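See below for the structure under consideration.
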Amino acid sequence: MTCTHYNFPVPEEKMVRVITDTDLCNEADDPFAVVQALLSPKFDNVGVVAAHFGTRDPNGMQKSWQGLKDLTVLMQLTVPVLHGAPHALPDAATPVPSEGAKLIIREAMKEDTRPLFVLLLGPLTDLASAYLQEPRIAGRLTAIWIGGAPYPVGGPEFNLGNDVNAVNVVFGSTMPVWQVPKNVYEMMPVSMAELEYRVRPQGAVGRYLFDQLVAYSQTPESRASAFRTGESWVLGDNPAPGLLLYEHRFQFDWVPAPYVTADQTYAAIGRNRPIRVYKGIDSRLILDDLYAKLALFAQYMAQKGE
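For any residue, its number in our numbering is found by taking its place in the sequence shown, counting from 1, and adding 15.
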């Protein structure tokens, strides 16, 4: 699925295939990244996959799946919505088969000149499961992961902690990985007033994005967080699609992939290949692109009479 309502063409050789894997209903920022990916004319969105929340909610994956179904219906876009693994890997050798893992394998093994990118906004369970079932995918895709604590020490971080075994499977493979750790994805702050002004007026999708964030901000969990100020949020998942719009080629380091210990710290073992670890992103470009795409999509839908 590719959006084609823009007045600028994306050259055929610049097109990419994209699978977005997301724990959509765990928090309020994931939908913003999913919408940006679905509205990007450079992307052939071959599927969106619902991810689990770890132990926080045993029904998390199913909630994410339903949320993705509702969102794609609201946007009137036809894109496959697939179930991911309902829980983390039991160990670093046993996959958790799912529709999402099958999609990753199928797309990776397909003969297609367009590069395949898997955007991972939550745990790495589905990608690791796909690799454990078909290791040849390692040379046929690139993973962009929002997760992990800052280097060099590491430490507790939500997406990593939801499946440490999966991270070690992926880090121990040969597949290209672009990691956006916590100190970088938190470079995406926005104010609530900014979102009310720039996002909420943009049709049904803009209202949905803003209103679901406001609703989540009023939950006991959110209100108890010292990180939440009441007037700001962090759209920390949007660097995943954003890095495919502008690669930020001077904002990353090549770091040998670490082994992640049980307490989520990074251990240098000296045998894993280097991965791309981002140290900065252009939040202005990513956010303004999101706002522009929402506005242009609202105009397009209004012209259609929707």
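Note that the Cβ used here is the ideal one computed from N, Cα and C, for glycine as well.
All values reported here derive from a predicted model rather than from experimental measurement.
What residue range is occupied by the uninterrupted alpha helix (DSSP H) comprising residue i?
| i | result |
| --- | --- |
| residue 284 | It is not in any alpha helix (DSSP H) - residue 284 carries neither H nor E in the DSSP assignment. |
| residue 305 | 298-319 |
| residue 174 | 173-176 |
| residue 81 | 75-90 |
| residue 292 | That residue, residue 292, is in no alpha helix (DSSP H); its beta strand (DSSP E) goes 289-293. |
| residue 48 | 45-53 |
| residue 164 | Careful: residue 164 lies outside any alpha helix (DSSP H) and carries neither H nor E. |
| residue 144 | 140-148 |
| residue 232 | 218-232 |
| residue 184 | 179-186 |
| residue 117 | 114-124 |
| residue 254 | 254-260 |
Grab the span of the beta strand (DSSP E) containing residue i for me, first residue to last.
| i | result |
| --- | --- |
| residue 241 | Looking at the DSSP string, residue 241 is not in any beta strand (DSSP E), and its letter there is neither H nor E. |
| residue 194 | 192-195 |
| residue 106 | Segment: none, residue 106 is in no beta strand (DSSP E) and carries neither H nor E. |
| residue 206 | 204-206 |
| residue 134 | 131-135 |
| residue 247 | 247-249 |
Bridge partners of residue i, per DSSP?
| i | result |
| --- | --- |
| residue 37 | 65 |
| residue 60 | 33 |
| residue 97 | 64 |
| residue 270 | 290 |
| residue 275 | 281 |
| residue 157 | 132 |
Have a look at the options and flag the residue whose alpha-carbon is nearest the alpha-carbon of residue i.
| i | options | result |
| --- | --- | --- |
| residue 252 | 201, 290, 58 | 201 |
| residue 203 | 89, 278, 132, 48 | 48 |
| residue 78 | 41, 226, 208, 143 | 41 |
| residue 172 | 213, 81, 281, 184 | 281 |
| residue 144 | 163, 159, 182 | 182 |
| residue 293 | 236, 34, 166 | 166 |
| residue 216 | 276, 128, 97, 308 | 308 |
| residue 195 | 259, 160, 76 | 160 |
| residue 222 | 210, 168, 97 | 210 |
| residue 55 | 255, 237, 98, 269 | 255 |
| residue 259 | 46, 57, 233 | 57 |
| residue 95 | 152, 34, 71 | 34 |
| residue 113 | 71, 142, 28 | 142 |
| residue 100 | 76, 120, 121, 81 | 76 |
| residue 324 | 269, 127, 197, 218 | Nothing can be reported for residue 324: it is not among the residues displayed for the chain, which extend from 16 to 321. |
| residue 176 | 193, 30, 67, 317 | 67 |
| residue 12 | 164, 140, 320 | As displayed, the chain neither begins before 16 nor continues past 321, which places residue 12 out of reach and without an answer. |
| residue 39 | 30, 74, 20, 319 | 74 |
| residue 304 | 257, 98, 284, 226 | 257 |
Compute the beta-carbon to beta-carbon distance between residue i and residue j, rounded to the nearest angstrom, for a pair I have assumed lies under 8 Å.
| i | j | result |
| --- | --- | --- |
| residue 191 | residue 147 | The Cβ separation is near 18 Å, so there is no contact. |
| residue 44 | residue 249 | 7 Å |
| residue 289 | residue 273 | Rounded, the Cβ-Cβ distance is 11 Å, inconsistent with contact. |
| residue 156 | residue 116 | Going by Cβ atoms, the distance from residue 156 to residue 116 rounds to 13 Å, so no, they are not a contact pair. |
| residue 267 | residue 291 | 5 Å |
| residue 92 | residue 53 | 6 Å |
| residue 180 | residue 103 | 7 Å |
| residue 220 | residue 16 | Rounded, the Cβ-Cβ distance is 15 Å, inconsistent with contact. |
| residue 107 | residue 184 | 6 Å |
| residue 32 | residue 130 | 7 Å |
| residue 296 | residue 199 | 6 Å |
| residue 213 | residue 315 | Actually they are not in contact, since the Cβ atoms of residue 213 and residue 315 sit about 18 Å apart, beyond 8 Å. |
| residue 187 | residue 287 | 6 Å |
| residue 240 | residue 231 | Not really, about 11 Å apart at Cβ, beyond 8 Å. |
| residue 275 | residue 169 | 7 Å |
| residue 178 | residue 140 | 5 Å |
Counting beta carbon pairs with one atom in the stretch 232-247 and one in the stretch 127-137, are three or more of them shorter than 8 Å? no
Given 8 Å, three or more beta-carbon pairs between the stretch 22-29 and the stretch 61-73: no
Counting beta carbon pairs with one atom in the stretch 86-103 and one in the stretch 261-268, are three or more of them shorter than 8 Å? no
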